[in-house]
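See below for the structure under consideration.
Numbering (my numbering), first residue to last: 1438 to 1567.
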């Protein structure tokens, strides 16, 4: 009898503190083969990258412009040196930052309000490029 092997999907760490949003992400991405996990803030997420990095990280929590800018630059450097994919959700007023921030293969930007399909597409494209 042949043993059936189930390959787990890509792990995605969502930085999101709102339980209702976590439930939506868990349901949507879990049903599509991803392994979603959650942390409430960016500092904890960065710490996690050093000892248990996921395949991808999504910053869905609303962050002040300065912190978002600094975080994006830091993650862009990390994604250039590792197979990690990072997706940032920017609010419309924060899109002015996009003039200064350029997406890369491993670091991508999505505009809120979030379309789950577009977020999934960006994750898949980033993971495919790695």
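All residues carry an ideal CB built from backbone N, CA and C; glycine is no exception.
Please read all numbers here as calculations on a predicted model, not as lab measurements.
With a floor of 3 residues, list each beta strand (DSSP E) that falls wholly inside the stretch 1476-1506, ordered by position along the chain. Taking only runs of at least 3 residues, the beta strand (DSSP E) segments lying wholly in the stretch 1476-1506 are 1493-1496.
If you follow the alpha helix (DSSP H) that residue 1554 is part of, which residue opens it and which one closes it? Counted as a single uninterrupted DSSP element, the alpha helix (DSSP H) harbouring residue 1554 occupies residues 1553-1566.
Given this structure, state the Cα-to-Cα distance separating residue 1476 from residue 1566, to the nearest angstrom. Cα-Cα distance, rounded: 25 angstroms.
Just the Cα atoms here: how many angstroms apart are residue 1468 and residue 1508? Taking the straight line joining both Cα atoms gives about 29 angstroms.
Can you tell me whether residue 1556 is buried or exposed? The criterion is at least 16 other CB atoms within 10 Å of its CB, across all chains shown. Looking at its Cβ environment, which holds 16 or more other Cβ atoms inside 10 Å, residue 1556 is buried.
Smallest Cα separation from residue 1518: which of 1503, 1490, 1501? Closest by alpha carbon: 1490.
Residue 1514: buried (16+ other C-beta within 10 angstroms of its C-beta) or exposed? Exposed, because fewer than 16 other Cβ atoms sit within 10 Å of the Cβ of residue 1514.
Kindly identify the DSSP beta-bridge partner or partners of residue 1519. In DSSP, residue 1519 forms no bridge with anything.
Just to check my reading of the structure: residue 1522 and residue 1493 have Cβ atoms closer than 8 angstroms, yes? What is that Cβ distance to the nearest angstrom? Their Cβ separation, rounded to whole angstroms, is 4 angstroms, which keeps residue 1522 and residue 1493 in contact under 8 angstroms.
In the DSSP output, what is residue 1473 paired with across the bridge? Beta-bridge pairing links residue 1473 to 1449.
Just mark residue 1488 as buried or exposed, buried being the case when its beta carbon has 16 or more other beta carbons within 10 Å. Result: exposed.
Measuring CB to CB, does residue 1497 end up less than 8 angstroms from residue 1546? At least 8 angstroms separates the beta-carbon of residue 1497 from that of residue 1546.
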